[in-house]
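The structure appears right after this line, and notes come after that.
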Amino acid sequence: MPIPGKREHQEGGTAGTKVEVGARHVASPKLVLSAFVSLLSPVRLVPPHSLQVVHIETHRCNITWTVSQVSHYIQNDVEFEARLRYADHSWEDARLLTLRQNQQWISLENLAPGMEYELQVRAKPRLGSHEVWSHWSQPLAFRMLPAGPGLPAADLNPEHLL
């Protein structure tokens, strides 16, 4: 049985339900306010921020970040995607790594000693296929420690970045 004031709605590729909410004045049956409210719409989180290198060596490092303004309803159901590039390369050349759990850190290995890199992170709720990625974080630039005497240099092939 259809609900009065309810209608199926599709906008921008996202299917959802809109419900009409109305308010009437107590002394008069006249409709004062009416609006349609979407019950299902994509959730776009605020981009991760405060990226920082917490441990660095010649070939590996650990990076953490923070996510703000996440509802307690979804705070444990967030996934992340990171992209890493050499500082002088384009983001289109960057390797992507998806972290399908609420892990606000990444351990990068097989990096080249002395090379400068940039990393960005974005977030998405794991609530269904209609959710969208946040915008990318501000890039974090960092330089790996140089190789010491007698230490082998890492393979500079970008396939080994992540």
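The sequence shown begins at -14 in this note's numbering and counts up one residue at a time.
We treat Cβ as the ideally placed atom computed from N, Cα and C, and that holds for glycine.
DSSP places E64 within a strand segment (E or B) once states are collapsed to three. Nearest to G133 by alpha-carbon distance, out of L84, L104 and A97, is A97.
Counting along the chain, W50 sits inside the beta strand (DSSP E) bounded by residues C46 to T51.
Between I48 and L125, the C-beta gap is smaller than 9 Å, which places the two residues in contact.
In terms of CA proximity to N61, L112 leads the group A72, N95 and L112.
For E116, there is no enclosing beta strand (DSSP E), as DSSP gives it neither H nor E.
The straight-line gap separating the alpha-carbon atoms of F127 and Y102 is approximately 6 Å. By the criterion of a C-beta distance shorter than 8 Å, L30 is surrounded in its chain by V52, Q54, V55, V63, A108, K109, P110 and S119, once the five residues flanking it on both sides are discounted. If you draw a straight line from the Cα of P32 to the Cα of L84, it is about 15 Å long. For W90, the secondary structure class from DSSP, reduced to helix, strand or coil, is strand.
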